Amino acid sequence: MFEMERPPRARRGDPAMLAGLALLAGVGLANLYSSSYGYAMVLGRPPSYFAVRQALWYIPALVVFLASAYIPLDFWRDKAGTLIMVSLALLVLPFVPGLGIVKNGAARWFGYGQLTFQPSELYKPVLVLYLAHILAKKRERLKDVVYGVLPPALVVVAGVALVLLQNDFSTALLIAALALGLFWVSGVPLVFFGAAASVGVPLLALNVLTSDYRLRRVIGFLAPDFDPADLSYQVSASARAIKAGGLWGKGFGQGTLKLRSVPEIQSDFVFASWAEETGLAGVVAFVGLWVFIMARAMRASFGAADPYRSWLAFGMALYLGLQTLINVSVVAGVLPATGMPLPFFSSGGSALLSVSAAAGFMYNVSRDPGAGEGRPFRG
Amino acid sequence: MDKRFIRQYIVLAVLGVLGLSALWRYAAFALAPEAEPASGEGVIEVRGSIYDRDGRLLAVDTDLYDISAWRPSLDPALVDRYAGLCQTHLGGNMSDYRTRLASGPDFFYLARRVDGVNARSFQDALSEAGLSGFRLDRVSGRVYPEKDLAAHLVGFVGTENKGLAGAEAAFEDELAADPSKARGSYSYGQSVYLTVDADLQYRLEKLCAEAMDEHDAEAVVMVAMEARTGAVSAYVSLPDFDPNRFLDSDEHEWLDRVAIYAYEPGSVFKVYSMASLLALGGIDEHSGFVCDGSYERTVTSGETVTITCLGSHGLVDLTKILEYSCNAGAAYASDTVAGLDFYAKIREFGFGERPGADLAGESPGVFRKPDQWSARTKPTVAMGQEILVTALQMTAAATTLANGGVLLRPRTLGRVVDRDGQVSLATEPIAVRRVMDERSAATILTAMEAVVLDTGTGKRARIEDLRMSVKTGTAQMIDPRTRRYSDTDFIASTLALFPSEAPEYIVYAAIIKPRGASTYGGRIAAPLVKDAANIVADLYGLARGESASVAHGGRIMLPGLGPAAIGQVMPDLRGVPKRLLTPLLARTDITVEIEGEGWVVEQEPEPGASVNPGDTIRLRLE
Chain H
1 MFEMERPPRA
11 RRGDPAMLAG
21 LALLAGVGLA
31 NLYSSSYGYA
41 MVLGRPPSYF
51 AVRQALWYIP
61 ALVVFLASAY
71 IPLDFWRDKA
81 GTLIMVSLAL
91 LVLPFVPGLG
101 IVKNGAARWF
111 GYGQLTFQPS
121 ELYKPVLVLY
131 LAHILAKKRE
141 RLKDVVYGVL
151 PPALVVVAGV
161 ALVLLQNDFS
171 TALLIAALAL
181 GLFWVSGVPL
191 VFFGAAASVG
201 VPLLALNVLT
211 SDYRLRRVIG
221 FLAPDFDPAD
231 LSYQVSASAR
241 AIKAGGLWGK
251 GFGQGTLKLR
261 SVPEIQSDFV
271 FASWAEETGL
281 AGVVAFVGLW
291 VFIMARAMRA
301 SFGAADPYRS
311 WLAFGMALYL
321 GLQTLINVSV
331 VAGVLPATGM
341 PLPFFSSGGS
351 ALLSVSAAAG
361 FMYNVSRDPG
371 AGEGRPFRG
Chain L
1001 MDKRFIRQYI
1011 VLAVLGVLGL
1021 SALWRYAAFA
1031 LAPEAEPASG
1041 EGVIEVRGSI
1051 YDRDGRLLAV
1061 DTDLYDISAW
1071 RPSLDPALVD
1081 RYAGLCQTHL
1091 GGNMSDYRTR
1101 LASGPDFFYL
1111 ARRVDGVNAR
1121 SFQDALSEAG
1131 LSGFRLDRVS
1141 GRVYPEKDLA
1151 AHLVGFVGTE
1161 NKGLAGAEAA
1171 FEDELAADPS
1181 KARGSYSYGQ
1191 SVYLTVDADL
1201 QYRLEKLCAE
1211 AMDEHDAEAV
1221 VMVAMEARTG
1231 AVSAYVSLPD
1241 FDPNRFLDSD
1251 EHEWLDRVAI
1261 YAYEPGSVFK
1271 VYSMASLLAL
1281 GGIDEHSGFV
1291 CDGSYERTVT
1301 SGETVTITCL
1311 GSHGLVDLTK
1321 ILEYSCNAGA
1331 AYASDTVAGL
1341 DFYAKIREFG
1351 FGERPGADLA
1361 GESPGVFRKP
1371 DQWSARTKPT
1381 VAMGQEILVT
1391 ALQMTAAATT
1401 LANGGVLLRP
1411 RTLGRVVDRD
1421 GQVSLATEPI
1431 AVRRVMDERS
1441 AATILTAMEA
1451 VVLDTGTGKR
1461 ARIEDLRMSV
1471 KTGTAQMIDP
1481 RTRRYSDTDF
1491 IASTLALFPS
1501 EAPEYIVYAA
1511 IIKPRGASTY
1521 GGRIAAPLVK
1531 DAANIVADLY
1541 GLARGESASV
1551 AHGGRIMLPG
1561 LGPAAIGQVM
1571 PDLRGVPKRL
1581 LTPLLARTDI
1591 TVEIEGEGWV
1601 VEQEPEPGAS
1611 VNPGDTIRLR
1621 LE
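Just so you know, the protein sequences line up as chains H and L, in that order. Quick note on numbering: my numbering labels position 378 of the first sequence as 378, and the sequence is numbered without any gaps. Take any residue in the second sequence, count from 1 to its spot, add 1000: that is its number in my numbering.
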């Protein structure tokens, strides 16, 4: 007879988490339609142009979700090293002539014709997977900076550097923040963060000051009245949308500012439309839904039996939460304008696949918290 | 609280603080007092106007509005009322509005480019009735009141009200509104005054249109320029277009044939090739060449270069080369200088370089360097082929003849004036370089007067009471399919400076691919230039009636053309060769003493002094 190390389980995942995610995705798609049909018609397209394109992306996104949610986590852990190398290699492709695509002054995409892909979107969830794996593996040696922390840190630095070269400053910051967050929860000593800050902060300042448009954005953020026609046009336009929404909003599908006033309404500023149509009530509801999803993710993370699973769920939740928070803050003018899409709300295929994978891994941990070593791990 | 996860709690707390601060901002916005309506957003940018030199309006921004409807915000029960308002204020058909408002796409344009008065009355009517669901967007409201007048020079704007062609593009920085200098809710660009005279422009355009029609030509180009300032007074390129509706035109009509279209100029260019040879010292006004119907030369490689002439002109000098437009003579004359010198001198006239008349996309033409020349090139360039020029270059180069050998930069910009009427930029004549000495310039100008004689190719340009220096040309055109000179495609052109004694205006015209009874420059372009010169002279009141050459039988007054003569007033005989002085020796009423050999360098009495019987005239020659 076989003696099974781990009894086969057909455990169901956390239905509340699944429901929360499904609600978010559904509302996101509906909001995309409502926010973009005016703009689509201005472009001479059918009103559902952006929404239908995004809806088509939900088919591969569902496949990605199912794969990350139901393929055993140990299989993914086994492949983490390979995946991170592949995703690092893909980050180079936007620079390859013939493959790379330059849009709006940034080389972030590669592909051919209609089929384009933004490899930094793949890198984000894969990095979380890899860090959860490697930090869990080395967690007894994390006090040793050279052998414990440095190798994974180099993987992070390579990714951040490549994304910076793609002129995608905000994604690079997000990746750095994600990695620091995972180092932090895995118990890396405080000294490491002090060292990272002493190197990172001057580099950050240098990067902002040497890039003209980035500096303009920061100026536009610090002094929005400086040149409202140009610098912070999106932000002041979205502020008007939020004001127009008031407490209860104009009603779903009733917003008019979105017609043309807010540039890029269907991508990074899609939340302005949500705020206009559903008002402060809708914003609070949105935040509430996210608090709920984060709580369910933390429940999965804290209930996991081994550090890999725990940190995986935590890292994915951090990824989704942080990106959402940054986007919503930019739309409200709390942060300078960046090119950060809102998970499940903004149009864009690569981003949808990326956040679907992250959601899938969170759900996977809730479904399979692991056998552990018979005791909860020490965090 | 599970102490194992203390670090996670810290991260979550940070996220929570950030989330709350964002939420706080949303609440602050959402609960703030009602913002101003969206239609009042931002600063309205008003582009500067374009005027002719006297302030006649050529391009101006007006308030135009696109009016759109947003059907979900409309009340279906009120469709009749909406349609009624639309018909009243926007014009159009009530039932058409009713259909579109009742069904169809959610977002659509009710009317585009509605003028400000109607748009505002519509808006007022809506707000009075308390109706919503309509939106007014102020749009690019560029209007060109003179329609196709000087269309190529004025240009046009695209969406966003940015200049795409002509002065609209060339002076984009001046015309565009600067929002950082906004006054209230408006910011204004500066206005641009061109050098062109709308009055003259209109008359010359009409003239050219008639010529184009009469000669069944593909295109006609004409430039009128102030000879002493380089200011362009008329800038005609036909066919043209209406910049208000430039999208209805095609590239054939958009093409600016004054500054952008480059072509082989043909014999008019002999003015500049001969001037170059004169300035280089290769020839003087007396150098003679024998035209026996063709130019032939065997080069060192053994190849024989042959250029046929239109006739056998016999012994020709500079004047006769221009008068008869003698190809062989011009070709032989070009043998007197080295190719490199010839090339450099012609470049000095401005050929092969952009004229710099503040136009968008001026062409420099094509003038190959001597190391790419064949054995034929030098004599061929001397007669105006194997070099591509623009009409603007041909006209501007003539400023050298009117300004004692100094080339002026052609100018289309007169002045830039800001919103308060302050002149922020005023252009002045710009001397580019000295190309030749005054004497050479005067010699060419005088020789060109012979072109309007009965024996000259430009006799049809002659105006009896206005002295004109003229040159005609009939250029061959390369057929792009065969890459050889076409038998049917020509450019007939004529250049004129007047009045010859001190030229004030230059008029140049080219008829491109005429298909009528004649294709010769002297036959079809010369009369066109004559008519244009008459218009210019009348409009600007040029003194007439000073013509001497024709009334007095021609050649006597033209140094080098015939024997010297002395009437009651002492003429300027300096530069006259000894052989032409011989008739003076036969005079019995006056005594003429000649000292030395060659040409007259000193004379007594001075030119203009009266000559009475018994006087002694002393001439010193060198």
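Backbone N, C-alpha and C define an ideal beta-carbon position, used for all residues, glycine too. Every value quoted in this text rests on a predicted model; they were computed, and no experiment measured them.
Apart from the five residues on each side of it in sequence, which residues of its chain come closer than 7 Å, Cβ to Cβ, to residue i?
i, result
"A1391/L", "V1221, V1223, R1257, V1258, Y1508 and A1510"
"M85/H", "none"
"S1610/L", "Q1568 and V1569"
"P1364/L", "G1352, E1353 and R1354"
"S1440/L", "A1275, L1278, A1279 and G1405"
"H1089/L", "N1118, S1121, F1122 and A1125"
Closest Cβ-Cβ distance between residue i and chain L: below 8 Å?
i, result
"A55/H", "no"
"L142/H", "no"
"I242/H", "yes"
"V156/H", "no"
"A305/H", "no"
"A332/H", "yes"
"L318/H", "yes"
"G245/H", "yes"
In angstroms with no decimal places, state the Cα-to-Cα distance between residue i and residue j.
i, j, result
"A177/H", "D1002/L", "24 Å"
"G81/H", "L88/H", "11 Å"
"D1454/L", "R1047/L", "54 Å"
"G179/H", "A281/H", "Residue identity check: residue 179/H is Ala in the sequence provided, not Gly. Taking the straight line joining both Cα atoms gives about 34 Å."
"A1461/L", "E1045/L", "50 Å"
"L353/H", "G26/H", "15 Å"
"E1041/L", "A237/H", "Low confidence applies here, because E1041/L scores a pLDDT of 45, under 50, leaving its location unreliable and the question unanswered by this model."
"A1398/L", "S1325/L", "18 Å"
"I1346/L", "A1475/L", "18 Å"
"P1145/L", "L1425/L", "25 Å"
"L164/H", "W76/H", "28 Å"
"G100/H", "V92/H", "9 Å"
"S1374/L", "Q1190/L", "51 Å"
"I1010/L", "R1004/L", "12 Å"
"T1412/L", "A1543/L", "26 Å"
"T1099/L", "P1076/L", "12 Å"
"F387/H", "S1127/L", "Here chain H has residues from 1 to 379 only, and residue 387/H is not among them."
Does residue i come within less than 8 Å of chain H when only Cβ atoms are used?
i, result
"G1000/L", "Lying before the first or after the last residue shown, residue 1000/L is absent from chain L, which here runs from 1001 to 1622."
"V1011/L", "yes"
"A1022/L", "yes"
"R1203/L", "no"
"R1025/L", "yes"
"A1032/L", "yes"
"S1039/L", "Annotation note: pLDDT 38 at S1039/L (below 50); position unreliable, coordinate value reported separately. Answer no: the Cβ-Cβ gap between S1039/L and chain H never drops below 8 Å."
Considering only residues of the same chain and omitting the five flanking positions on each side of residue i, which have a CB-CB separation below 6 Å?
i, result
"G13/H", "Y363, S366 and R367"
"A313/H", "A297, A300, S301, M362 and V365"
"V1268/L", "K1471, G1473, S1493 and L1495"
"D1479/L", "S1486"
"F292/H", "G20"
"R1515/L", "D1216"
"F1246/L", "F1156"
"E1504/L", "A1227"
Where do the N-terminal and C-terminal ends of the alpha helix (DSSP H) with residue i fall, by residue?
i, result
"C1086/L", "V1079 to L1090"
"A153/H", "L150 to L165"
"W248/H", "Per DSSP, W248/H belongs to no alpha helix (DSSP H) and is neither H nor E."
"R1100/L", "M1094 to A1102"
Determine the extent of the beta strand (DSSP E) in which residue i is found, giving its start and end residues.
i, result
"T1298/L", "S1294 to T1298"
"F1289/L", "F1289 to C1291"
**Asked** For the stretch 1147-1164 of chain L, which residues have a beta carbon sitting closer than 8 Å to at least one beta carbon of chain H?
**Response** Those would be none; no residue qualifies.
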